[in-house]
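Below is one structure, written out as structure tokens, with a few remarks after it.
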Amino acid sequence: MPLSYKRVAPDLQRFLDEDLGRGDLTAPLLTGRKGAGVYLAKTAGVIAGLQIPEFLYQLLGTKISYHPLVQEGQSVSAGTPIAEAAGDLAILLAAERLSLNLMQRLSGIATATKQAVDTLADPSIQILDTRKTAPGLRQFDKYAVRVGGGVNHRLGLDDMAMLKDNHWAAVGNLSQAIQLLHQVNGPTKMIEVECESLAQVNQAIQAHADIIMFDNQTPDTVKAWQQLIPAGIQTEISGGIELSNLHDYAGCGVNFLSLGYLTNRVVNLDISFNQR
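Residue -14 is where the sequence shown starts when you use my numbering, and the numbers rise one by one after that.
Here you go:
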């Protein structure tokens, strides 16, 4: 699903309000002046967020000629022009920092996600993101994961119930917690259970969890536990997985592998806006 102007415009307007305050104090120097510039990828990576400059220009109320030069999700080399813009110079510069901040972050996330997908090299396992996103940027961060070839897990706590040890401890035990959630939420809301032991895995199976997460387990343990999972229950692995050991989990038989670092340890792609 691409970024929707209608969906992201309220956030972008809030970001503009934060950045511009009561107005750019240097703007009077630019009144009536025209300008042009190019967005340039200064390092290699996957480009995400190409729509953002155009959305910002629209919110700023002045028609700007804006043209992407590459495709969303395209891998580019260092030095590649990725978009160009021309028009009112004050508007171009007012949108410059915010557009770069977002495009750099989104492209960094997309780049990390594609690297993870390529490193795992197992199309039977989908790479998932987590809720470890920057507050206020979740829809942007998760969009970038999709651009990089990953899949969104939960946008929020209302998408799916995930049971962790502190949840079932409050109820009494894991089986009771799953049964209660089935009763309260009904059959349409999935229940995922985070398991750290074989006993917990067996309880989750018996209580008919929809997804079982193997948390902080080695590839060998994951493969052994996966053999016990009946048809109809999906599995996920999470915890302690980095790029350095990611490929070790290829072929382990699970459906999903979630990576928090995709969005909570973002390395921005270096992008600049150069006037011409």
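Note that CB positions come from ideal geometry on N, CA and C, so glycine has one too.
A quick note: this is a predicted structure, and the numbers were derived from the prediction, not measured.
Own chain partners of residue i with C-beta closer than 7 Å, once the 5 adjacent residues on each side are dropped
i, result
"LEU(-3)", "PHE40, LEU41, LEU44"
"CYS180", "VAL186, ALA189, ILE197, MET198, PHE199, ASP200"
"ALA80", "PRO38, LEU41, TYR42, LEU45"
"THR28", "ALA63, LEU254, ASP255"
"LEU228", "GLN100, ALA101, THR104"
"LEU140", "ARG123, LYS127"
"HIS152", "ALA162"
"LEU183", "TRP210"
Span separating the alpha-carbon of residue i from that of residue j
i, j, result
"LEU231", "LYS174", "30 Å"
"SER92", "ASN158", "43 Å"
"GLY72", "VAL239", "51 Å"
"LYS99", "LEU254", "13 Å"
"ILE226", "ALA235", "12 Å"
"VAL61", "ALA68", "12 Å"
"PRO(-5)", "THR206", "46 Å"
"GLY34", "THR203", "36 Å"
"ILE256", "VAL169", "48 Å"
"THR65", "ALA97", "19 Å"
"ALA209", "ASP233", "14 Å"
"PHE264", "ARG90", "As shown, the chain starts at -14 and ends at 261. That puts residue 264 outside it, with no answer to give."
"MET145", "PRO172", "11 Å"
"ALA155", "GLN161", "10 Å"
"VAL294", "ALA119", "Nothing about residue 294 can be read from this structure; the chain reaches only from -14 to 261."
"HIS52", "ASP143", "38 Å"
"ARG261", "LEU25", "12 Å"
"PRO108", "TYR(-10)", "32 Å"
Cβ-based neighbour list, residue i, same chain, cut-off 6 Å, excluding 5 preceding and 5 following
i, result
"VAL178", "LEU148, ALA189, ALA194, ILE197"
"ASP4", "LEU83"
"GLN219", "ILE196, ASN240"
"PHE0", "LEU83"
"ILE214", "THR220"
"LEU15", "LEU74, ALA75"
"ALA12", "ALA75"
Inter-residue CB distance, residue i and residue j (contact presumed, cutoff 8 Å)
i, j, result
"MET88", "ILE49", "With 8 Å as the limit, MET88 and ILE49 do not qualify as a contact, their Cβ atoms being about 16 Å apart."
"LEU244", "ALA101", "6 Å"
"PHE258", "LEU85", "6 Å"
"LEU77", "GLY20", "5 Å"
"GLY121", "ALA70", "GLY121 to ALA70, Cβ: 25 Å. No contact."
"CYS237", "GLN211", "6 Å"
"LEU165", "ILE176", "In fact, because the Cβ distance is near 10 Å, the residues do not count as touching under 8 Å."
Contact under 7 Å by Cβ, residue i with residue j
i, j, result
"ALA95", "GLY133", "yes"
"HIS138", "ASP114", "yes"
"VAL262", "LEU247", "The first residue shown for the chain is -14 and the last is 261, placing residue 262 beyond what the model contains."
"LEU10", "TYR128", "no"
"ILE110", "GLY135", "no"
"ILE272", "ALA192", "The structure shown does not extend to residue 272, since the chain is modelled only from -14 through 261, so no value can be given for it."
Closer than 6 Å: residue i CB and nearest the ligand NAP heavy atom
i, result
"GLY225", "Ligands in the displayed structure: none, and consequently the ligand NAP is not present."
Close Cβ partners of residue i (< 8 Å) along its chain, the five nearest in sequence each way excluded
i, result
"GLY30", "SER60, VAL61, SER92, GLY93, ALA95, THR96, LEU254"
"ASP150", "GLU179, GLU181"
Identify every run of the beta strand (DSSP E) within the stretch 176 to 246, keeping only runs that are complete inside it and at least 3 residues long; order them along the chain. 176 to 180, 196 to 200, 219 to 223, 241 to 243
Considering only residues of the stretch 75 to 124, which uninterrupted alpha helix (DSSP H) runs meet the minimum length of 4 residues and lie entirely inside it, listed in chain order? none
Could you tell me which whole beta strand (DSSP E) segments of length 3 or greater appear in the stretch 31 to 75? 50 to 53, 65 to 73
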